[in-house]
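As structure tokens, the structure follows; a few thoughts come after it.
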Amino acid sequence: QSASNLISHDQIRRVGDSCHQPHGLGVAVVVVEHLNALQRPRACANLALAASDVRALLDACDAWERKRPGTGYRDLRAALRLMLQTSADRGVVFHGRTGNSQLPAPGLTVGQVRVWAEEGEGGERYVGTVHLADKKTKTRERTVPLTDGLCRELLPFLLGKGPGDQVFGLTYPQVDVRWKRVRETAGLPHLRLKDLRAQTAIAAERSGVALTVAQRVLGHGNAAMTRRYLAREEAMSAGDALAIERGLGL
Numbered sequence: 062q063s064a065s066n067l068i069s070h071d072q073i074r075r076v077g078d079s080c081h082q083p084h085g086l087g088v089a090v091v092v093v094e095h096l097n098a099l100q101r102p103r104a105c106a107n108l109a110l111a112a113s114d115v116r117a118l119l120d121a122c123d124a125w126e127r128k129r130p131g132t133g134y135r136d137l138r139a140a141l142r143l144m145l146q147t148s149a150d151r152g153v154v155f156h157g158r159t160g161n162s163q164l165p166a167p168g169l170t171v172g173q174v175r176v177w178a179e180e181g182e183g184g185e186r187y188v189g190t191v192h193l194a195d196k197k198t199k200t201r202e203r204t205v206p207l208t209d210g211l212c213r214e215l216l217p218f219l220l221g222k223g224p225g226d227q228v229f230g231l232t233y234p235q236v237d238v239r240w241k242r243v244r245e246t247a248g249l250p251h252l253r254l255k256d257l258r259a260q261t262a263i264a265a266e267r268s269g270v271a272l273t274v275a276q277r278v279l280g281h282g283n284a285a286m287t288r289r290y291l292a293r294e295e296a297m298s299a300g301d302a303l304a305i306e307r308g309l310g311l
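Residue numbers 62 to 311, in this note's numbering, belong to the letters of the sequence shown in order.
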């Protein structure tokens with residue numbers, strides 16, 4: 062199944078509500094028939110986006126930016142690419158008040174991103190790192206290398222700002238309406254931002270990056286949380302970052 066074939070929360074809620082109606086044994090038959098008529102949802106960790114899905118999301122951001130220039134879709138595009146390639150959570154990337162917490166999400170500041178140019182055989186290319194200060198657990202704090210392509214995507218959001226400034230102008234609450242428009246346009250109406258986190262590990266596995274590297278990139282303190290990893294953790298190299306980018310079709 063593709064990511065666009067998931068059961069919506071609405072459908073699940075309607076089935077759940079019907080279970081509580083006083084219709085006796087007959088309700089069980091109705092519920093079973095209803096479930097059989099629906100496509101089963103995938104677990105978040107097993108939902109693998111194809112390269113065409115990833116491209117559709119980025120193209121949808123571009124389409125909305127052309128339609129409504131300067132309203133945050135350019136920010137969302139760069140942020141989605143960052144999340145896909147580094148497994149960063151929404152609250153790590155976007156700042157502002159969250160729906161279920163008294164504390165605002167910290168967001169990503171310019172000081173957490175380092176980008177520099179290097180001369181190579183093919184000419185100048187950019188390299189860099191991003192420090193993801195995840196507030197959930199200390200073990201999820203990590204520094205991830207950035208590819209040339211991702212550096213170029215982020216550079217316009219870094220120039221002319223101070224270390225404490227936010228990389229992206231979009232706030233945490235402002236993301237929702239834009240994300241819903243983008244995923245609908247991309248043909249992925251049930252895809253959640255949370256689902257993007259697993260794509261880094263999936264792309265890493267597709268590209269032959271060590272599973273222990275994927276564990277480190279996701280910030281998992283327990284190997285079983287990512288898969289049956291070895292106890293040893295490996296640092297992510299620039300080559301691994303490039304392999305993940307290629308695995309995502311970027």
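In this text, a Cβ means the ideal position worked out from N, Cα and C, and glycines have one as well.
A distance below 7 Å between beta-carbons, with the five flanking residues on each side excluded, links Val174 to the following residues of its chain, in chain order: Gly189, Val191, Leu215, Leu219, Val228. Taking one beta carbon from each stretch, the stretch 117-132 and the stretch 259-268 have fewer than 3 pairs nearer than 8 Å; the two do not touch. By the neighbour-count criterion, in which a residue is buried when 16 or more other Cβ atoms sit within 10 angstroms of its Cβ, Pro130 is exposed. A contact is defined here as three or more CB-CB pairs under 8 Å, and the stretch 223-243 meets this definition with respect to the stretch 148-159.
Rounded to the nearest whole angstrom, the CA to CA distance from Trp177 to Arg213 is 10 Å.
By the C-beta criterion, the stretch 141-149 is judged to be in contact with the stretch 256-266, since at least 3 inter-stretch pairs fall below 8 Å. Counted as a single uninterrupted DSSP element, the alpha helix (DSSP H) harbouring Pro217 occupies residues 209-219. Nearest in C-alpha terms to Gly210, of all of Asp114, Leu303, Leu110, Lys222, is Leu303. Judged by beta-carbon spacing, Arg244 lies within the 8 Å limit of Leu252, meaning their Cβ atoms are closer than that value. Beta-bridge partners assigned by DSSP to Tyr134: none are found.
Just so you know, the alpha carbons of Gly223 and Ala139 end up roughly 19 Å apart. Bridge pairing for Trp125: absent [DSSP].
Pairing Trp240 with Pro167, the inter-Cα distance amounts to about 19 Å. Just measuring C-alpha positions, the residue of Glu126, Thr132, Leu254, Arg142 sitting nearest Leu309 is Arg142. Judged by DSSP in its simplified three-state form, Glu245 adopts helix. Listed as beta-bridge partners of His156 by DSSP are Pro167, Thr232.
Sequence-distant partners of Asp226 (beyond 5 residues in either direction) whose C-beta falls short of 6 Å from its own C-beta, in its chain, are Val171.
In the DSSP assignment, Gln146 forms no beta bridge with any residue.
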